[in-house]
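Trainee: In my numbering, the protein residues as written are 1 to 595.
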Amino acid sequence: MARQLTRSEVPVEMTWNLADIFPSVEAWEEEMKAVADLIPTVTKYKGRLHEGPKVLLECLEAQEALQKRLVKVSSYASLNNSADGTSPANQAMAGKASALATRIRAETTFIESEVLSLPDGTMERYLKEEPGLEPFRLTIEELIESKPHRLHPETEMALAALGEVLNAPSMIYNRSRTADMTFEPVEDSKGVKHPMAFGRYEGAADLVLRRNAHYQFTERLKAYQNTYGAAWGTEVKKNVVMAKLRGYPSAIHMLLDRQKVTIDIYNNLHDIILTELAPHMRRYAQLRKKVLGLDKMLYCDIEAPLDPEYEVPTTFEEASEIILNGLKVLGPEYIEIVENALKNRWVDRADNVGKQTGAFCSSVYGVHPYISMTWTNSLRNALTLAHELGHAGQGVLAQRYQAFANTRPTMFFIEAPSTCNETLVGDYILSQSQDKRKRRWLIMQFLKTYHHNFVRHLIEGELQRRTYALAEKGQPITASVLNRVQGEILDEFWGGEVEIDDGARMVWMRQSHYYRGLYPYSYSAGLTIGTMVAKAIREEGAPAAERWVNVLKAGGTKKPLELAQMAGVDMTKPDPIREAVAYVGKLVDEVIDSF
Numbered sequence: 001m002a003r004q005l006t007r008s009e010v011p012v013e014m015t016w017n018l019a020d021i022f023p024s025v026e027a028w029e030e031e032m033k034a035v036a037d038l039i040p041t042v043t044k045y046k047g048r049l050h051e052g053p054k055v056l057l058e059c060l061e062a063q064e065a066l067q068k069r070l071v072k073v074s075s076y077a078s079l080n081n082s083a084d085g086t087s088p089a090n091q092a093m094a095g096k097a098s099a100l101a102t103r104i105r106a107e108t109t110f111i112e113s114e115v116l117s118l119p120d121g122t123m124e125r126y127l128k129e130e131p132g133l134e135p136f137r138l139t140i141e142e143l144i145e146s147k148p149h150r151l152h153p154e155t156e157m158a159l160a161a162l163g164e165v166l167n168a169p170s171m172i173y174n175r176s177r178t179a180d181m182t183f184e185p186v187e188d189s190k191g192v193k194h195p196m197a198f199g200r201y202e203g204a205a206d207l208v209l210r211r212n213a214h215y216q217f218t219e220r221l222k223a224y225q226n227t228y229g230a231a232w233g234t235e236v237k238k239n240v241v242m243a244k245l246r247g248y249p250s251a252i253h254m255l256l257d258r259q260k261v262t263i264d265i266y267n268n269l270h271d272i273i274l275t276e277l278a279p280h281m282r283r284y285a286q287l288r289k290k291v292l293g294l295d296k297m298l299y300c301d302i303e304a305p306l307d308p309e310y311e312v313p314t315t316f317e318e319a320s321e322i323i324l325n326g327l328k329v330l331g332p333e334y335i336e337i338v339e340n341a342l343k344n345r346w347v348d349r350a351d352n353v354g355k356q357t358g359a360f361c362s363s364v365y366g367v368h369p370y371i372s373m374t375w376t377n378s379l380r381n382a383l384t385l386a387h388e389l390g391h392a393g394q395g396v397l398a399q400r401y402q403a404f405a406n407t408r409p410t411m412f413f414i415e416a417p418s419t420c421n422e423t424l425v426g427d428y429i430l431s432q433s434q435d436k437r438k439r440r441w442l443i444m445q446f447l448k449t450y451h452h453n454f455v456r457h458l459i460e461g462e463l464q465r466r467t468y469a470l471a472e473k474g475q476p477i478t479a480s481v482l483n484r485v486q487g488e489i490l491d492e493f494w495g496g497e498v499e500i501d502d503g504a505r506m507v508w509m510r511q512s513h514y515y516r517g518l519y520p521y522s523y524s525a526g527l528t529i530g531t532m533v534a535k536a537i538r539e540e541g542a543p544a545a546e547r548w549v550n551v552l553k554a555g556g557t558k559k560p561l562e563l564a565q566m567a568g569v570d571m572t573k574p575d576p577i578r579e580a581v582a583y584v585g586k587l588v589d590e591v592i593d594s595f
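#1: Ignore the nearest five residues each way along the sequence and tell me which others in Thr557's own chain have a CB closer than 7 Å to its CB.
#2: For Asp271, which of helix, strand or coil comes out of DSSP?
#3: Quick one: give me the first and last residue of the beta strand (DSSP E) that Tyr370 is part of.
#4: From Ser596 to Leu385, what distance separates their C-alpha atoms?
#5: Exposed or buried, which one is Lys44 when buried takes at least 16 other CB atoms within 10 Å?
#6: Beta-carbon separation of Pro247 and Pro148 under 8 Å?
#7: DSSP state of Phe413, grouped into three classes?
#8: Of all the options Leu274, Ala582, Glu388, Pro520, which has the alpha carbon lying nearest to the alpha carbon of Ile608?
#9: Which ranges does the alpha helix (DSSP H) cover as unbroken runs of at least 4 residues, wholly within the stretch 352-401, from first to last along the chain?
#10: Where DSSP assigns a beta bridge to Leu5, which residues make up the other side?
#11: Since Lys238 is in the alpha helix (DSSP H), which residue starts that stretch and which ends it?
#12: State the beta-bridge partners of Lys193 as determined by DSSP.
#13: Look at the Cβ atom of Val240, then the Cβ atom of Glu472, and state whether they are nearer than 8 Å.
#14: Taking the beta carbon of Leu446 as the centre, do at least 16 other beta carbons fall within 10 Å, making it buried, or is it exposed?
#15: Between Thr109 and Ala36, how many whole angstroms is the CB-CB distance? I'm expecting something under 8 Å.
#16: Determine the extent of the alpha helix (DSSP H) in which Arg510 is found, giving its start and end residues.
#17: Less than 8 Å between the CB atoms is what I'm expecting for Ile459 and Leu490, so what's the real figure, rounded?
#18: Reducing DSSP to helix, strand and coil, say where Pro119 ends up.
#19: Kindly identify the DSSP beta-bridge partner or partners of Pro313.
#20: Cβ atoms of Gly331 and Val549: under 8 Å apart, would you say?
#21: Quick check on the burial criterion: 16 or more other C-beta atoms within 10 angstroms. Buried or exposed for Pro369?
#22: On the DSSP letters alone, give me the boundaries of the alpha helix (DSSP H) that Phe446 sits inside.
#23: Grouping DSSP H, G and I as helix and E and B as strand, with all else coil, what is Glu124?
#24: Assign Val498 to one of three DSSP states: helix, strand, or coil.
#25: Roughly how far, in whole angstroms, is the beta-carbon of Lys603 from the beta-carbon of Gly366, given that I think they are within contact range, below 8 Å?
#26: So what's Val569 in DSSP terms, helix, strand or just coil?
#27: State the DSSP-derived secondary structure class of Leu294, mapped to helix, strand or coil.
#28: Any idea if Leu561 is buried or exposed, counting beta-carbon neighbours within 10 angstroms, 16 or more meaning buried?
#29: Roughly how many angstroms separate the alpha carbons of Arg440 and Leu587, rounded to a whole number?
#30: Can Ser522 and Ile414 be called in contact, C-beta distance under 8 Å?
#31: Pairs of beta-carbons, one from the stretch 535-551 and one from the stretch 498-510, closer than 8 Å: are there three or more?
#32: Where Ser87 and Glu276 are concerned, what is the direct C-alpha to C-alpha distance, given to the nearest angstrom?
#33: Assuming Leu151 and Leu245 are in contact, meaning their beta carbons sit under 8 Å apart, how far apart are those beta carbons, in whole angstroms?
#34: Of the choices Gly354, Glu303, Gly233, whose alpha-carbon is the least far from that of Leu470?
#35: Apply the 10 Å Cβ neighbour rule to Val12 and answer buried if 16 or more other Cβ atoms are within range, or exposed otherwise.
#36: Look up Val73 in the DSSP assignment and say whether it is helix, strand or coil.
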């Protein structure tokens, strides 16, 4: 039986190079102390922001300088911990960085409170009189918009000081998932044992291996369900209480306010996609059951390969070439960023004990983005890597062209650059072969992407929507409640085509997204925008590509709906959502016709 490597056993070329942030842990320690020593460079302006625009500018510039250095300190600790969450040293680093960030947040809350305490019109006058404040205009304007929901300055400071405590549900969940949850090996149909890890083997062709993994995973989840239920229930309660304190109609309204979108758009994405996509996915499930020869479809069978004998072995180097060719349409500046990422160890592709599951990209200001994933020498990995490079490309371009405070779009838009990249690379792969079997395989990979973002993540979003509604009525959120509601949503969506067992009812335990506001549903927004942008690039070529790169360069200087509008997608209307759903339906039709 193959053994999962420890972090120290992983070949260095498969890991990211965190020395680009700090050459050593000792250097990180020194910088952390230096950052703490910089706090007085900001707090010396406390009580002085009424003196005039020049004082405000000096204060904001000092805060920005502090934040830039804090980002590097926090990122270094976070990335080390995500690479091996079982390491006590990494856990300690993450704890120290979190404590420092909380301290800085608490000690600098005076800026927001003092700005909002100034007489009406003062900020507008400051912006007019001091050109140096222009890079901070968006931050100031959003702060003014938040005034109705701000609490007393001392209360805001107390809440900021309690940041680590208020974020404890997320920390407890993630620490437990990476450091405590272990599994016994699982057998395949030939009696061969395989090492088991979180959520592994759902894409395995071997029915026995896939279901054995599912059953063991389910049993391990059962052992943690009450703890994770309490963690999530606390997160929900925290947001419900905070929304009431701040005067929002509900926690959903408060969390959407952070994304700068309306509740109508939020509801549109849920209602249209879950209702109109369901018939297409049920047909796909029927095909899967027939082709795989199953007497019943379980949740763990949804992503089982329909053509298991067909695979496209792909090395990291081969995938790199495919990605570069697929994204060439985005221009030389974009390609240079991708080349740097692929050649200079921005990507950690190892599979080791304690590594955070799934794929993600983290942009470190003043350094470069870092990507985490697991490489299994599959062409599917190339699509995943292209997806994460979409986040990286946006991060680099925004940092290159915008001020520090304006680099990141809100959560609503954040998945658009990644899904657009994934589609462009997929289109390129399709264009390079006339082989019908390969085309079918690739379309099924597209459908896997849409299943993840339009189905799984949006069902997570629907679970949030229903759970918060219950909590607003005073219902305690526990594991039993989450299991019940999760099962109801899955039953409604799959309409009996998939048997909803205990493992399916506990899929809420798999994701950390629930601790990041309304992150889950935003995948559907990003995929809708990304699908429409990729379609425009296919049809228009360079003009649409140039327009999209300009959107990426804009960073967070515009609200998400304005960014989408820049790209030619009007998310205030249901049309793009329905068009994206119809596109998925066509993909399902093609796969069904091919069997």
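Quick reminder that beta carbons are idealized off the backbone N, C-alpha and C, glycines included.
On a predicted model such as this, the values are computed, not experimentally measured, just so you know.
Mentor: So, to answer that:
#1: Leu138, Gln402, Asn406
#2: helix
#3: 369-372
#4: Because the chain in this structure spans residues 1 to 595, residue 596 falls outside the shown range and cannot be described.
#5: exposed
#6: The sequence as given places Gly at residue 247; Pro does not occur at that position. The answer is yes: Cβ separation under 8 Å.
#7: coil
#8: Lying before the first or after the last residue shown, residue 608 is absent from the chain, which here runs from 1 to 595.
#9: 379-401
#10: Asn352
#11: 207-245
#12: Glu187
#13: yes
#14: For the record, residue 446 in the displayed sequence is Phe; it is not Leu. By the 10 Å Cβ count, Phe446 comes out buried.
#15: Contact doesn't hold; Cβ gap of about 17 Å is too wide.
#16: Note, Arg510: premise wrong, no alpha helix (DSSP H); not H, not E.
#17: 7 Å
#18: coil
#19: Ser378
#20: yes
#21: buried
#22: 436-450
#23: helix
#24: coil
#25: Residue 603 is absent from the model: the chain starts at 1 and stops at 595.
#26: coil
#27: coil
#28: buried
#29: 9 Å
#30: yes
#31: no
#32: 46 Å
#33: 7 Å
#34: Gly233
#35: exposed
#36: helix
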